[in-house]
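For reference, the structure is listed below as structure tokens.
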Amino acid sequence: MDEYKAEIEAGELSVGQARMAQEALRSRVRVEALEEARVQRVTGVDASYAGGSAYAAVVTLDYTTQQVVEWASASAAITFPYIPGLLSFREAPAILLALARLERLPDVLIVDGHGLAHPRRFGIACHLGVLLDLPSIGCAKSLLIGEAADLEAEAGSRAEVRQGEELLGLALRTRQRVKPVYISVGHRVDLESAAHIVLACCRGQRLPEPARLAHQMANSCARQGEAGVMTRQDPPQ
DNA sequence: GCGACAG
DNA sequence: ATCTTGTCGC
1 MDEYKAEIEA
11 GELSVGQARM
21 AQEALRSRVR
31 VEALEEARVQ
41 RVTGVDASYA
51 GGSAYAAVVT
61 LDYTTQQVVE
71 WASASAAITF
81 PYIPGLLSFR
91 EAPAILLALA
101 RLERLPDVLI
111 VDGHGLAHPR
121 RFGIACHLGV
131 LLDLPSIGCA
141 KSLLIGEAAD
151 LEAEAGSRAE
161 VRQGEELLGL
171 ALRTRQRVKP
181 VYISVGHRVD
191 LESAAHIVLA
201 CCRGQRLPEP
211 ARLAHQMANS
221 CARQGEAGVM
231 TRQDPPQ
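If you're matching positions, the first sequence starts at 1 in the working numbering and goes up one per residue.
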């Protein structure tokens with residue numbers, strides 16, 4: 001049942017096909033508790049752009065010690081425009097390459113972007129989680145859809161993100177007096193598990209450490225042309 | 001038609 | 001996301 005997977009990895013879908021792929025794949029998302037005892041490794045996922053290419057970085061931390069275990073990066077030529085709601089078709093090709101370079105896949109991904117808090121309930125966190133059948137959490141810095149009530153100033157305070165009657169995610173204050181992050185289910189987690197894991201990874205900073213490090217690494221890779229790390233899809237000139 | 005709109 | 005340095009504050 002891996003229709004679309006090859007095309008997604010190769011960045012070959014049209015805008016219309018991309019929306020259809022989301023509609024087709026959304027039913028595969030599973031919402032279930034992720035036992036903390038089963039989480040030993042957490043990987044932060046992010047991408048940056050430069051010179052017509054997307055640079056993805058993935059950083060795996062030990063969940064208990066929050067120490068970096070391994071990391072990887074990859075680049076891919078950009079083949080898809082940025083369209084709100086279709087972010088994954090722009091970033092997933094490079095991200096999937098980077099994840100494939102890890103020695104071990106983690107127990108859960110923390111993705112820079114939304115999961116179910118998406119127009120078709122299939123944001124990039126769902127997309128990556130379903131394609132890899134790996135637990136994943138969406139952790140975005142702003143809302144794509146839905147609304148959240150104001151939250152208290154203390155770290156750990158939360159407010160539901162909802163669209164009408166539908167609960168889509170949580171606005172989560174990960175640090176005192178900073179803007180909240182928006183958590184949503186990607187795949188094989190539930191909202192409570194997701195919020196708990198994210199909070200456990202925020203060592204006094206707004207973004208969970210794996211995501212923060214992935215963001216830094218993606219930026220430096222983009223600036224340095226990935227520092228000599230090359231990809232079949234994006235060969236050196 | 002108008003405004004909103006992850007990264 | 002990106003174009004871009006220093007700077008104010010905890």
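Ideal placement from N, C-alpha and C gives every residue a C-beta, glycine not left out.
Being a predicted model, the structure only gives us computed values, none of them experimental.
Rounded to whole angstroms, how far is the Cβ of residue i from the Cβ of residue j, which I believe are closer than 8 Å?
| i | j | result |
| --- | --- | --- |
| ALA218 | PRO93 | Actually they do not touch by this definition, with Cβ atoms about 14 Å apart. |
| GLN40 | TYR63 | 6 Å |
| ALA140 | HIS114 | 5 Å |
| GLU32 | ASP190 | 6 Å |
Starting from residue i, trace the alpha helix (DSSP H) both ways and give me its first and last residue.
| i | result |
| --- | --- |
| HIS118 | Per DSSP, HIS118 belongs to no alpha helix (DSSP H) and is neither H nor E. |
| SER252 | Residue 252 is absent from the structure shown; the chain starts at 1 and stops at 237. |
| PRO93 | 87-100 |
| VAL15 | 15-25 |
| VAL212 | Before going further, note that residue 212 is Arg rather than Val in the sequence given. ARG212 -> alpha helix (DSSP H) spans 209-223. |
Kindly identify the DSSP beta-bridge partner or partners of residue i.
| i | result |
| --- | --- |
| LEU172 | ARG158 and VAL181 |
| ARG38 | Note: ARG38 sits in no beta bridge, so no partner. |
| LEU134 | None, per the DSSP bridge assignment. |
| ALA47 | ALA56 |
| ILE110 | GLY44 and ILE137 |
| GLN163 | GLU166 |
| GLU147 | ARG162 |
| VAL31 | VAL189 |
| LEU61 | VAL42 and VAL68 |
Rounded to a whole number of angstroms, what is the C-alpha to C-alpha distance between residue i and residue j?
| i | j | result |
| --- | --- | --- |
| ALA159 | ARG28 | 27 Å |
| ALA77 | GLY52 | 6 Å |
| PRO235 | PRO81 | With a pLDDT of 42 at PRO235, under the threshold of 50, the modelled position of this residue cannot be trusted, and the question is left open. |
| MET230 | CYS221 | At MET230, the pLDDT of 46 sits below 50, so the modelled position is not reliable; the number obtained from the coordinates is stated separately. Approximately 11 Å, taken between the alpha carbons. |
| GLY44 | GLN216 | 11 Å |
| ARG177 | GLY146 | 22 Å |
| VAL58 | GLU192 | 24 Å |
| GLN67 | CYS202 | 13 Å |
| VAL161 | LEU132 | 26 Å |
| GLU154 | CYS126 | 29 Å |
| LEU128 | SER136 | 8 Å |
| ALA72 | LEU207 | 19 Å |
| ARG121 | ILE197 | 21 Å |
| ALA200 | ALA18 | 34 Å |
| GLN205 | LEU109 | 18 Å |
| MET20 | LEU86 | 11 Å |
| ALA195 | ALA37 | 15 Å |
Can you give me the start and stop residues for the beta strand (DSSP E) that residue i sits inside?
| i | result |
| --- | --- |
| SER75 | 68-77 |
Count the CB pairs spanning the region 10-27 and the region 181-189 that are closer than 8 Å, and state whether there are at least three. With the cut-off at 8 Å, the region 10-27 and the region 181-189 do not touch.
Sufficient close CB pairs (3 or more, under 8 Å) joining the region 6-21 to the region 170-179: The region 6-21 vs the region 170-179: no contact.
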